[in-house]
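Trainee: Counting in our numbering, the sequence shown runs from 3 upward without gaps.
Backbone N, C-alpha and C define an ideal beta-carbon position, used for all residues, glycine too.
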Amino acid sequence: MAELTYYCGTMDSGKSTLALQTAHNHQSRGRSGVIFTNKDRGGPGMITSRLGLKSEAIEVGVGFDLHKFIVDMLSRGERVDFIISDETQFFDPEQIEQLARVVDGLGIDVYAFGILTDFRTKLFPGSARLVELADRVLPLQVEALCWCGVRATHNARVAYGQMITEGEQVVVGDTEDPDAIGYEVLCRRHHMRRVTSRSARAARAEPLPFQGLE
Numbered sequence: 003m004a005e006l007t008y009y010c011g012t013m014d015s016g017k018s019t020l021a022l023q024t025a026h027n028h029q030s031r032g033r034s035g036v037i038f039t040n041k042d043r044g045g046p047g048m049i050t051s052r053l054g055l056k057s058e059a060i061e062v063g064v065g066f067d068l069h070k071f072i073v074d075m076l077s078r079g080e081r082v083d084f085i086i087s088d089e090t091q092f093f094d095p096e097q098i099e100q101l102a103r104v105v106d107g108l109g110i111d112v113y114a115f116g117i118l119t120d121f122r123t124k125l126f127p128g129s130a131r132l133v134e135l136a137d138r139v140l141p142l143q144v145e146a147l148c149w150c151g152v153r154a155t156h157n158a159r160v161a162y163g164q165m166i167t168e169g170e171q172v173v174v175g176d177t178e179d180p181d182a183i184g185y186e187v188l189c190r191r192h193h194m195r196r197v198t199s200r201s202a203r204a205a206r207a208e209p210l211p212f213q214g215l216e
C-alpha cells in the first residue's frame, strides 16, 4: 500500500538533506520520481540544503494542482514511482489533500518534508493538514541546537539579532545579509524569553552594575 509520510522538524534539522537523500536512494534503484518544492531559499524550482546539496524541482505555487499534474504525466505514459515534496509547510491545505489523493487513488508513495510551526509557534496550514491526513508523521532524527546547547524546538524570526513576533506568516529569510530578516532555532525557554544568540552575546558583553566601582 502506498503511504503519505511527513518528516518534520525545526529549521537546521536536515529536512532538505533527507529529502534529497531519499530521492537519490530511489533513483539509484531505477525508480522514477517527481520532486516538488515551494519557496526554497535557493530560489524557485530548487531544493537546497545547508550542506551544499541541491537539486532542480517543480515549484508549487498558488493554484497548482498536484493531483492533476501527476495524472497528466501518467496519461503521457511517463512513470511516477514516488513523489518528494520539500518545504511542504508552504503548500495550501487543498494541495495536501491532492497529495493524499495521489497516494490513495494512484498508489504512489509521497514523502513530504517540512517545518511544523512558524516563528509565532503556530502550525503552518500545510503542516496542520499533513498531521491530520498523513499515514505517518515522523520527527526528523537530527536535532537542531539552540545557542545554549540544548535541543532547539522553536523557530525564531530575527532582524539585527532581535526577535520579531509579528508579521506575515511566510517570509523567506535573506541568506546573504546577517542583519536582514532571517531565522534562528531556539529552545522553548529562550524563545519565550526572546533571547537570540546575538542578544545573549551582547548581554554577556555588558558590564555588571558594580563593575568598575571602587
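(1) When the Cβ atoms of the segment 6-17 are set against those of the segment 112-119, are three or more pairs found closer than 8 Å?
(2) In chain order, which continuous runs of the beta strand (DSSP E) of length 3 or greater are located wholly inside the segment 79-123?
(3) Do Thr198 and Val144 come within 8 Å of each other at the CB atom, strictly closer than that value?
(4) Does DSSP classify Gly11 as helix, strand or coil?
(5) Cα-Cα, which of Arg81, Pro46 and Ser30 is closest to Ile110?
(6) Run the CB neighbour count on Thr24, radius 10 Å, all protein chains shown included, and call it buried at 16 or more, exposed below.
(7) Consult DSSP for Ile72 and reduce its assignment to one of helix, strand or coil.
(8) Just curious, the beta strand (DSSP E) that Pro141 is in, first and last residue?
(9) Starting from Glu134, trace the alpha helix (DSSP H) in both directions and tell me its first and last residue.
Mentor: With the structure as the only source:
(1) Cβ pair count under 8 Å is three or more, so yes.
(2) Listed in chain order, they are 84-87 and 111-117.
(3) No; because the gap between Cβ atoms is not below 8 Å, this pair is not in contact.
(4) Looking at Gly11 - three-state DSSP - the assignment turns out to be strand.
(5) Looking from the CA of Ile110, the closest CA among Arg81, Pro46 and Ser30 belongs to Arg81.
(6) By the 16-neighbour rule on beta-carbons within 10 angstroms, Thr24 is buried.
(7) In the three-state reduction of the DSSP assignment, Ile72 falls in the helix class, which pools H, G and I.
(8) Where Pro141 is concerned, the enclosing beta strand (DSSP E) stretches over Arg138 to Pro141.
(9) From DSSP, the alpha helix (DSSP H) with Glu134 extends over Pro127 to Leu135.
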